[in-house]
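Just remember that my numbering sits 1 ahead of the position in the sequence shown, which is counted from 1.
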Amino acid sequence: MMSSVYDIFFIAEGFFVGFVAFYFLARRNPAYLQTLRDHLRFFLSPYGPETMVVIKQLDNTVRIIYDPRIYKSKNGVIIEADDALFSARKDPRDGGMLVGLADARGP
2 MMSSVYDIFF IAEGFFVGFV AFYFLARRNP AYLQTLRDHL RFFLSPYGPE TMVVIKQLDN
62 TVRIIYDPRI YKSKNGVIIE ADDALFSARK DPRDGGMLVG LADARGP
């Protein structure tokens, strides 16, 4: 009877230690996981971002935007990221392609 209580304790402790290690390792990765709740959901069952837009600017810097807000305007579309606005002539949803979780920089 007592060994089953210890088994449950060690399983719970292993889960907690594993999640804390995952959280501190994944926190440094610039991925789409923003909150502690997102990290816990990903730890229990990995998932990718709903949408991901890759923007290559004129100076050859690449920016990856996860789950952007896209607004249509007269001259094209406006893509709202966390701290910036981008404009494009074509809607990125029209020319999208499927990518894997590794391409989305999943932790």
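The beta carbon of each residue, even a glycine, is placed where N, CA and C say it ideally should be.
Note that this is a predicted model, so its numbers are computed, not measured.
My guess is that L41 and F20 are in contact by the Cβ rule of under 8 Å, so how many angstroms apart are they, rounded?
Their Cβ separation, rounded to whole angstroms, is 7 Å, which keeps L41 and F20 in contact under 8 Å.
K57 - partner residues in DSSP beta bridges
As a beta-bridge residue in DSSP terms, K57 pairs with V63.
V63 and P93: beta carbons closer than 8 Å?
No.
Inspect the beta-carbon positions of Y72 and E81 and report whether they are closer than 8 Å.
Yes, these two residues count as a Cβ contact at 8 Å.
R70 lies in the beta strand (DSSP E); which residues open and close that run?
It spans 70 to 73 - the beta strand (DSSP E) in which R70 sits, taken as one unbroken run.
Is it true that the CB of G77 sits closer than 8 Å to the CB of A85?
No.
Can you tell me which residues form a DSSP beta bridge with L86?
Bridge partners of L86: E81.
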